[in-house]
Amino acid sequence: MSTSEACSKPDYSPVSWREYFDEMEDVSVGEDDSRDVFRIYKAGNTGPLLVLLHGGGHSALSWAVFTRAISSKVNCRVLSMDLRGHGDTLVRQADDFSTQTMSSDIANVIGVCYGETPPPIVLIGHGVGGAIAVYTASNMLLTTTVGLVAIDVVEGSATDALHSIQDFLKERPKSFKSMDHAIEWSIKSGQIKNLESARVSMVGQIRRCEVEEAETLEQTIPVSDVVPVSDVVTERNEEFYDQSYVDDKERSHRRGTSNLFLAFNLPKLLLLAGIDRLDRALTIGQMQGEKLIKNHTLRNFSSV
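Mapping of the sequence shown onto numbering that gives the first Met the number 0: position 298 corresponds to residue 297, and the numbering continues sequentially without gaps.
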């Protein structure tokens with residue numbers, strides 16, 4: 000390979016979270032004998048707090064590039080967390096994805112980190128995280144909430160989203176021979192549009208296999224591609240990606256979301272990939288003068 004070819008080849012190596020966040024912490028919630036532990040990442044020391052909630056199957060690190068970008072433009076604090084069943088968060092009931100439970104998770108983590116009087120909070124969520132943000136804000140589970148941003152969260156378009164998720168589930172490999180290959184796949188498959196984001200965020204979506212598990216998975220990898228078992232990585236968010244639960248989870252989270260969003264009286268923004276994604280409730284709200292919708296040209300928000 001020539002020097003020019005080597006220079007032009009994309010770099011699929013992973014990048015540390017430290018390039019984007021100031022600190023990482025595991026927050027314990029609950030009683031001593033039944034604690035749940037949530038992985039969070041923080042940035043900034045002053046200003047309002049942006050609480051970032053990722054979409055289904057992603058992780059807190061999916062917000063890494065956004066965090067660095069917003070921190071360079073606005074005086075703010077950022078807290079991004081792995082939702083239950085995702086990333087490095089460990090909970091007793093990892094298959095409990097009810098809106099009430101996940102919203103309580105958010106409130107509990109903020110309570111542990113900031114006490115009874117946290118700074119002014121803006122909730123920002125994508126997909127499932129957006130639905131959780133809407134529910135949390137609408138029910139004022141965080142009393143210092145001052146704003147809400149929901150990305151690609153529309154109740155009426157849930158069916159299309161379900162089909163998209165199901166197709167994605169069928170295509171996503173169960174394992175990769177290395178972290179670099181997982182990052183490369185995420186870009187070439189279109190799951191993530193931004194290479195920089197993929198290099199930092201895929202680490203939160205897959206895990207390194209134990210030796211015995213890796214040896215089993217290696218048998219499915221072509222002989223020419225065999226690598227040491229310690230390098231084999233596999234799906235991290237297995238609970239959320241269980242095919243049998245996808246329909247119920249997505250419908251549960253999106254049910255009533257549009258009306259809750261419209262009824263929320265504080266500053267709010269709905270960010271969609273296209274105006275055609277508005278459902279009936281939001282279309283009526285728009286016609287009645289609700290200044291709440293920002294149309295975005297991207298068709299996939301996994302690049303955040």
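Ideal placement from N, C-alpha and C gives every residue a C-beta, glycine not left out. Just so it is clear, the structure is predicted and the values come from calculations on it, not from any experiment.
(request) Please name the residue, chosen from Phe65, Leu271, Ser27, that lies closest to Ala42 on a Cα-to-Cα basis. (result) Phe65
(message) 7 angstroms is my cut-off, CB to CB: does His180 come that close to chain B?
(response) This model lacks chain B altogether; it includes just one protein chain.
(message) Let me check understanding here. Comparing Cα to Cα, which of Asp31, Asp10, Ala63 lies closest to Arg17?
(response) Ala63
(message) Run through the DSSP bridge pairs and tell me what Glu115 is partnered with.
(response) Glu115 is not bridged to any residue.
(request) With DSSP collapsed to three states, give me the class of Met139. (result) coil
(message) So for Glu30, helix, strand or coil by DSSP?
(response) coil
(message) Runs of 4 residues minimum, wholly inside the region 81-132: which ones carry the alpha helix (DSSP H) assignment?
(response) 98-113
(request) Could you check the C-alpha separation between Ala93 and Val36 for me, to the nearest Å? (result) 11 angstroms
(request) Measure from the alpha carbon of Leu268 to the alpha carbon of each residue in Arg91, Asp87, Val153, Met201, then state which is nearest. (result) Val153
(message) Quick check on this structure: which residue in Asp95, Val26, Ser103, Leu48 has the alpha carbon closest to the alpha carbon of Leu122?
(response) Leu48
(request) To the nearest angstrom, report how far apart Ser15 and Lys72 are at their CA atoms. (result) 22 angstroms
(request) Might you give, ordered along the chain, the residues of its own chain that have their beta carbon closer than 8 angstroms to the beta carbon of Asp25, omitting 5 neighbours on each side? (result) Val36, Phe37, Arg38, Ile39, Asp87
(request) Tell me whether Lys173 is buried or exposed, calling it buried when 16 or more other Cβ atoms sit within 10 Å of its Cβ. (result) exposed
(request) Locate the beta strand (DSSP E) running through Leu51, then write down its first and last residues. (result) 48-52
(message) What does the Cβ neighbour count give for Lys176, buried or exposed, with the cut at 16 atoms within 10 Å?
(response) buried
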